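Trainee: My questions will all concern the structure given below.
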């Protein structure tokens, strides 16, 4: 599944943003949530197709391929869940959320370890 490789490539910039508060805006984070939530809700299509193939009389190589695809589907689900979890964390450090905080709130977040300076 080409989606899996793409998901892995998309995780790294988001992980980097976690260590750099204020580099993302609310729109970007919400777009990530929207896109990956939609992808997660579409995974049933792949599951259904794999289930149908498994009901067919398959050759050994076809069975192996279906098994491989099931593994990739599970990896894809894990990656999507990780990206959605990360996006949830990033919501609190968007530029808008930081601008809405007082200096005291930001200082408290830094001292408590909730917010890291770049």
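In the numbering used here, the protein residues as written are 7 to 124.
Cβ atoms here follow ideal geometry from the backbone N, Cα and C, with glycine treated the same way.
Being a predicted model, the structure only gives us computed values, none of them experimental.
Quick check: what's the CA-CA separation for residue 109 versus residue 48?
Mentor: Counting from 1 along the chain shown, the entry for residue 109 is found at position 103. Counting from 1 along the chain shown, the entry for residue 48 is found at position 42. Straight-line Cα distance between these residues: approximately 43 Å.
Trainee: By a C-beta neighbour count over all protein chains shown, 10 Å radius and 16 as the cutoff for buried, is residue 113 buried or exposed?
Mentor: In the chain shown, residue 113 corresponds to position 107, counting from 1. Result: exposed.
Trainee: So is residue 65 buried or exposed if we call it buried at 16+ other beta carbons inside 10 Å?
Mentor: Counting from 1 along the chain shown, the entry for residue 65 is found at position 59. Burial call: exposed.
Trainee: Going by CA-CA distance only, name the one from 22, 50, 33, 58 that's closest to residue 80.
Mentor: As a working note, residue 80 is residue 74 in the chain shown. Checked all of 22, 50, 33, 58; the closest Cα to residue 80 is 50.
Trainee: I need the boundaries of the alpha helix (DSSP H) containing residue 29, first residue and last residue.
Mentor: The residue given as residue 29 occupies position 23 in the chain shown. Per DSSP, residue 29 belongs to no alpha helix (DSSP H) and is neither H nor E.
Trainee: Should the region 84-102 be regarded as contacting the region 22-32, the criterion being three or more beta carbon pairs within less than 8 Å?
Mentor: yes
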